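As structure tokens, the structure follows; a few thoughts come after it.
Number of protein chains: 2
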Amino acid sequence: MTDADHTGTGDPRRTIELLWGVRGKPRRGPKPKLTVDEIVTAAIEIADTEGIGALSVRRGAEKLGVSPMTIYTYIPSRAELLDLMMDRVHGELTDPPESHDWRVTMTILAEDAWEMYHRHPWLLQLTTGRLPLGPHTFAKHERELAAVDAIGLTDLEMDAVVAMVNGFVQGIARGSVESASLVRRSGLTDMEWWTASAPVLAEIPEADAGLFPLAARIGQAAGEAHGAASAPLHTFRFGLARILDGVEQLVDGDSDGSGTELPS
Amino acid sequence: MTDADHTGTGDPRRTIELLWGVRGKPRRGPKPKLTVDEIVTAAIEIADTEGIGALSVRRGAEKLGVSPMTIYTYIPSRAELLDLMMDRVHGELTDPPESHDWRVTMTILAEDAWEMYHRHPWLLQLTTGRLPLGPHTFAKHERELAAVDAIGLTDLEMDAVVAMVNGFVQGIARGSVESASLVRRSGLTDMEWWTASAPVLAEIPEADAGLFPLAARIGQAAGEAHGAASAPLHTFRFGLARILDGVEQLVDGDSDGSGTELPS
DNA sequence: ACACAACTCTGTACAGCGTAGAGAGAAAGT
DNA sequence: ACTTTCTCTCTACGCTGTACAGAGTTGTGT
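Here the protein sequences line up with chains B and G, keeping their order. In our numbering, each number is its position in the first sequence, counted from 1, plus 3. In our numbering, each number is its position in the second sequence, counted from 1, plus 3.
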């Protein structure tokens, strides 16, 4: 069910109560064996070590020593569990140290997020049509806005800058994380896979060299410099620096704040 | 199987032959009813209209009037089919008009990709650990490199700039596309969903206002300005302009080419 | 003390998935 | 005509999320 891997569906009230740990239930029947927190913890462990694909309701229940359907006593559906997992790991993020330089603060926040995405590779594989309205997801957003508060941007610009940086970090991190997890799954590094594929490609007349001269040249240069077909960490740091340069220009008023005019 | 939604696994030779349309097979038995191209076309149609989650081997076979296992005569596994679909839709992209201004060219390329991602929302839900080595995927990369060729960047900088822009476009587009498809699936717009959630959130003491003052203020401002909780197209265009500003600075030598120094 | 309501937990069942394996039938090579 | 090679199909396995019904446990109201 690649399609419904995540929520936005489901009763908002129930989801929010779960996210904020509000019970609000009269307590009559037998003592529960588990807590929602235990379930979320177990689920995160499975997803971290075996991949999100291995995280089934049955697998989680097995790990907790209960029958599969027991899980549904605590959580309405798998989608809500993914929401809870997501908000939980965002709790690993902390406030950055005070700094008068907003570039430093933003860089730290971006690096922290980068690392979180790599600790929990499944995060960026979830379908995040709507972010879960949990405390830690909120806190992340608040911190990011605080980093660009009062540096000379309008409210709308603050919003756009934060969204832009997040989009960038997530975009690059997703590639990085998926490439790494593919290496783990397939047992082939990027380089090995490429050297297995290149000769096959060379046999195909249509794919002959000369058709993609730049890709060939730059691919070779990058491969030699980084020892790999791609160097996501380098792209991340390089790109973030360029982006912050662009934002700085906006702050300093050296930019007209618009974009490139497209001929129509 | 969220985990193996895409390839990199599988015999490289076979995959590449499929991508480039090379048969290389002696032809003895009965005439095939189908072609690989027909299968890919049908699969794309299903994914476009019903979502990638609805694209099962059984569903594709049904649409083509054959039994499910017939598909496997043409294609080794579902993962390879996804590769073929991916390369195929990249064929919708074309060379940008000649321009002496690399910013214009890059903007056009980015907008084209943005639109492709929205025409085929499933594209960014695939796990792209390794891009398929097909003709159209290659062509896209070559075009992007050509846009930044000979403007004063080193080979490594060209590589990083292209990767950075792609990461950004994909990151923002993914959010945009998933939000849109969630609206379709849940029948609730972002606004409706938010106005359903906000009162619930307000009932929770821990989530009380004042805890996230900036998120509240900026969220309100953005909501009023865009008529929605998020405005991905605006973020995309705004962000791209900032990024190109940053790249321009690098080209002009106004940047030292490094990033922000983190205190250690 | 007892009945009842509310709750947790579990077993069974259903419709769906990707695809392995065996076998029927068709076309081409000899 | 015989054999080889290929296409296509059927059946089956183990997996998925979860609906539903029922058994057992606890707290409340009388």
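C-beta atoms are modelled at their ideal positions from N, C-alpha and C, and glycine is treated no differently. Remember, it's a predicted structure, so these values are computed and weren't measured experimentally.
If we cut at 7 Å on Cβ distances, does B:SER179 have a partner in chain G?
-> no
Of all Cβ atoms in chain B, is any one closer than 7 Å to the Cβ of G:TRP23?
-> yes
Counting pairs of beta carbons, one from the stretch 59–78 of chain G and one from the stretch 34–47 of chain G, are three or more of them closer than 8 Å?
-> yes
Anything in chain B within Cβ reach of G:HIS237, meaning under 7 Å, just list it in chain order.
-> ALA163
Do B:GLU145 and B:MET119 have their C-beta atoms within less than 7 Å of each other?
-> no
Check the Cβ-Cβ distances between B:ASP6 and every residue of chain G, and say whether any is below 7 Å.
-> A caution first: B:ASP6 carries a pLDDT of 44, below 50, which makes its placement in the model unreliable, though a value can still be read off. It does: the Cβ of B:ASP6 has a partner Cβ on chain G nearer than 7 Å.
Going by the C-beta, is G:VAL203 closer than 6 Å to any heavy atom of the ligand FAD?
-> Looking at this structure, you won't find the ligand FAD or any other ligand, since it has none at all.
Could one say the Cβ of B:THR12 lies closer than 7 Å to chain G's Cβ atoms, at least one of them?
-> yes
Close Cβ partners of G:ALA176 (< 8 Å) along its chain, the five nearest in sequence each way excluded | ALA116, TRP117, TYR120, HIS121, LEU127, PRO235, PHE239
State yes or no: is the C-beta of G:ILE221 within less than 7 Å of the C-beta of B:MET72?
-> no
Can you have a look at B:PRO138 and say buried or exposed, based on whether 16 or more other CB atoms are within 10 angstroms of its CB?
-> buried
Beta-carbon neighbours of G:THR140, restricted to chain B and to distances below 7 Å = Those within 7 Å of G:THR140 in chain B number zero; the least Cβ separation is about 10 Å.
Separation of B:GLY249 from B:ARG17, as counted between CA atoms | 42 Å
Let me know if G:MET4 comes out buried or exposed under the rule of 16 or more other beta-carbons within 10 Å of its beta-carbon.
-> Because G:MET4 sits at a pLDDT of 42, beneath the cut-off of 50, its placement in the model cannot be relied upon, and the following sentence gives the value as read from the coordinates. Counting Cβ neighbours within 10 Å, G:MET4 comes out exposed, since fewer than 16 surround it.
Examine chain B for any beta-carbon lying closer than 7 Å to the beta-carbon of G:HIS144, and answer yes or no.
-> yes
Beta-carbon proximity of G:PHE171 to B:GLY32, cut-off 7 Å = no
Find the residues of chain B that neighbour G:ARG133, judging by a C-beta separation of less than 8 Å, and give them in chain order.
-> SER182, LEU185, ASP193, TRP196
Are the beta-carbon atoms of G:GLU83 and G:THR10 separated by less than 7 Å?
-> yes
Simplified DSSP assignment, three categories, for B:ALA228 | helix
Could you round the C-beta distance between B:ASP193 and B:ALA232 to whole angstroms and report it? I think they count as a contact, below 8 Å.
-> 4 Å
Chain G contact residues for B:ASP152, given Cβ-Cβ distances below 7 Å = LEU217
By a C-beta neighbour count over all protein chains shown, 10 Å radius and 16 as the cutoff for buried, is G:PRO208 buried or exposed?
-> exposed
What's the C-alpha gap between B:GLU147 and G:GLU48?
-> 40 Å
Mind checking whether B:ASP98 and B:THR140 have CB atoms under 7 Å apart?
-> no
Rounded separation between G:GLN252 and B:ALA244 - CA only | 11 Å
In whole angstroms, what separates the C-alpha of G:ASP6 from that of G:ALA219?
-> At G:ASP6, the pLDDT of 44 sits below 50, so the modelled position is not reliable; the number obtained from the coordinates is stated separately. So the alpha carbons of these two residues sit roughly 36 Å apart.
State buried or exposed for G:ALA199, treating a residue as buried only when at least 16 other CB atoms are found within 10 Å of its CB.
-> exposed
Which of helix, strand or coil does DSSP assign to B:ALA64?
-> helix
Going along the chain, which residues of the stretch 89–112 of chain G sit with their C-beta nearer than 7 Å to a C-beta in chain B?
-> ARG106, VAL107, THR110, ILE111
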